[in-house]
Amino acid sequence: MDGGGDPQVAGPVIAALMERAAGETRVAMSPETAKKLIGLGATVRVESGAGVTASIPDSEYEAAGAVVGDLASTVAGADWIFGVAAPDVALLSGAKPGAKVAAVFDPFRDRARTDAYAAAGYEALAMELMPRITRAQSMDVLSSQSNLAGYKAVLAAANTYGRAFPMMMTAAGTVQAARCFVMGVGVAGLQAIATARRLGAQVSATDVRSATKEQIKSLGAKPIFVEKVAGIEGEGSGGYATEMSDEYKAAQAELVSSHIAKQDIVITTALIPGRPAPRLISDAQIATMKPGSVIYDLAVAAGGNVEGSEPDVIVEKHGVKIIGFSNTPAHLAADASALFARNLFNFVSAFWDKEKGEIVLDEEIGTAIRLTQDGKVVHERLLG
Numbered sequence: 001m002d003g004g005g006d007p008q009v010a011g012p013v014i015a016a017l018m019e020r021a022a023g024e025t026r027v028a029m030s031p032e033t034a035k036k037l038i039g040l041g042a043t044v045r046v047e048s049g050a051g052v053t054a055s056i057p058d059s060e061y062e063a064a065g066a067v068v069g070d071l072a073s074t075v076a077g078a079d080w081i082f083g084v085a086a087p088d089v090a091l092l093s094g095a096k097p098g099a100k101v102a103a104v105f106d107p108f109r110d111r112a113r114t115d116a117y118a119a120a121g122y123e124a125l126a127m128e129l130m131p132r133i134t135r136a137q138s139m140d141v142l143s144s145q146s147n148l149a150g151y152k153a154v155l156a157a158a159n160t161y162g163r164a165f166p167m168m169m170t171a172a173g174t175v176q177a178a179r180c181f182v183m184g185v186g187v188a189g190l191q192a193i194a195t196a197r198r199l200g201a202q203v204s205a206t207d208v209r210s211a212t213k214e215q216i217k218s219l220g221a222k223p224i225f226v227e228k229v230a231g232i233e234g235e236g237s238g239g240y241a242t243e244m245s246d247e248y249k250a251a252q253a254e255l256v257s258s259h260i261a262k263q264d265i266v267i268t269t270a271l272i273p274g275r276p277a278p279r280l281i282s283d284a285q286i287a288t289m290k291p292g293s294v295i296y297d298l299a300v301a302a303g304g305n306v307e308g309s310e311p312d313v314i315v316e317k318h319g320v321k322i323i324g325f326s327n328t329p330a331h332l333a334a335d336a337s338a339l340f341a342r343n344l345f346n347f348v349s350a351f352w353d354k355e356k357g358e359i360v361l362d363e364e365i366g367t368a369i370r371l372t373q374d375g376k377v378v379h380e381r382l383l384g
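The numbers in UniProt numbering rise by one with no breaks, and the one at position 309 of the sequence shown is 309.
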């Protein structure tokens, strides 16, 4: 397969670019995955400085066998381009016609970017739309990044909270353990529960999916569930929670109101793909909490689970501090990059055709993540 303008190129050219989105510290390729891709037969290029914010110098990519250069030389003739956030189309000038870009596109909130990719003739592959099926677990960027986000949310809340998490018995008296309530028990929520438990807090958690009760108990936390109105049996569509009935929402609000007033830390994690984040905590409920309590809103960038939350700003209401990073995984850049890069490598390697020396996507996963192809928007959820 022709990889571009370099005569020595035998396999596809895979390029990783520096992230340019505000606050983005991650990088889509690590030296580890660069070496593995080269081992498969690819030519790997990395834009100079791409890994600096994730503590990866250019020299480590070069030692792995990648070619490090400026933007133009990195993109020139590239068959595949890796990104964390999808790069602006203008940055891709010189890539091979029809080049595939694997990154996070957020197409339901940023349709203009998808349309621009279609107009430019690039194939946009939205990694966040990876189906939640067994064989795609190792490719799931949302899961790997949510795991770190749940961990970081608890640490950030603990840092903001003015007291200790664990019970401490001292000669001067006993410090009571903090009470932590996790709302939403997906990947991020489970990690938040585990992290808060490790820090010594008394942890409780809730979710609309009844199947999560046992998961909560297995981590040593107390399940808090609406009993008089049915929630979702099992995991819901694609492993995500879905919209609930008005009756359930009312019952959940009543339950949360009675429970939240006793909590010191609340972590909210509820997201519905393609829709604004559901509102879980109202201003009236915040007013019932103890002064000095902290709420971390992991969904703040998607509209927020908490009334009044703002990205990257500490909002204080009724003596309660509400926090939430717009990009929580970016606050753990090195580990987040390593995991994201492995997700991309697992994705590419699963579809590597040794005989053709190229990457051939299958229909199930290709259809699930492909936004654009042959100059058109092709994803069914964007065609309505």
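C-beta atoms are modelled at their ideal positions from N, C-alpha and C, and glycine is treated no differently.
Keep in mind it's a predicted model, so treat the numbers as computed, not measured.
Residue j beta carbon less than 9 Å from that of residue i
i: ALA157; j: VAL294; result: yes
i: SER282; j: GLU307; result: yes
i: ALA270; j: THR288; result: no
i: GLN191; j: GLY220; result: no
i: ASN305; j: GLY184; result: yes
i: HIS375; j: ALA119; result: The amino acid at residue 375 is misidentified as His; the sequence shows Gly. Contact: yes.
i: THR81; j: VAL104; result: Note on identity: in this sequence residue 81 is Ile, with Thr being the wrong assignment. For ILE81 and VAL104, no; Cβs fall outside 9 Å.
i: LEU148; j: PRO329; result: yes
i: GLY357; j: GLY11; result: yes
i: ASP264; j: CYS180; result: yes
i: ALA338; j: GLU62; result: no
i: ALA299; j: MET130; result: no
i: GLY319; j: GLY292; result: yes
i: ASN346; j: GLY23; result: no
i: GLN145; j: ALA336; result: yes
i: ASP110; j: VAL377; result: no
i: ALA84; j: VAL27; result: Correcting the residue identity first, residue 84 is Val in this sequence and not Ala. It is a contact, given that the beta carbons lie within the stated cut-off.
i: VAL182; j: ALA196; result: yes
Buried or exposed by the 16-neighbour rule on C-beta atoms within 10 Å, applied to residue i
i: PRO166; result: exposed
i: GLN159; result: Just to set this straight, residue 159 is Asn in the shown sequence, not Gln. It counts as exposed.
i: GLN373; result: buried
i: THR212; result: buried
i: THR268; result: buried
i: GLN252; result: buried
i: VAL313; result: exposed
i: LYS290; result: exposed
i: SER258; result: exposed
i: PRO107; result: buried
i: GLU214; result: exposed
i: ARG209; result: buried
i: ARG381; result: exposed
i: GLY238; result: Reliability of the predicted coordinates at GLY238 is poor, the pLDDT of 49 falling under 50, and no value is obtained from them.
Simplified DSSP state of residue i, which is helix, strand or coil
i: TYR117; result: helix
i: GLU316; result: strand
i: VAL377; result: strand
i: GLY234; result: Here GLY234 scores only 44 on pLDDT, less than 50, and its place in the model should not be relied on; the value that follows carries that caveat. Residue state, collapsed to three classes: coil.
i: SER349; result: helix
i: LEU17; result: coil
i: SER337; result: helix
i: ARG209; result: strand
i: GLU364; result: helix
i: PRO223; result: strand
i: ALA299; result: coil
i: ALA124; result: strand
i: GLN215; result: helix
i: THR269; result: coil
i: GLY11; result: coil
i: GLN263; result: coil
i: VAL203; result: strand
i: VAL104; result: strand
i: VAL306; result: strand
i: GLU358; result: strand
i: VAL27; result: coil
i: ARG370; result: strand
Would you mind listing the beta strand (DSSP E) stretches within the stretch 44 to 102 that are 3+ residues and don't spill past its ends, in chain order?
67 to 69, 80 to 85
Count Cβ pairs between the stretch 10 to 19 and the stretch 69 to 76 that sit closer than 8 Å; are there 3 or more?
yes
Which runs of the beta strand (DSSP E) spanning at least 3 residues fall entirely within the stretch 130 to 198, listed in chain order?
168 to 170, 173 to 175, 179 to 183
Can you confirm whether the stretch 43 to 59 touches the stretch 352 to 371 when touching is taken to mean that 3 or more C-beta pairs between the two stretches lie within less than 8 Å?
no
Between the stretch 131 to 151 and the stretch 333 to 353, are three or more C-beta pairs nearer than 8 Å?
yes
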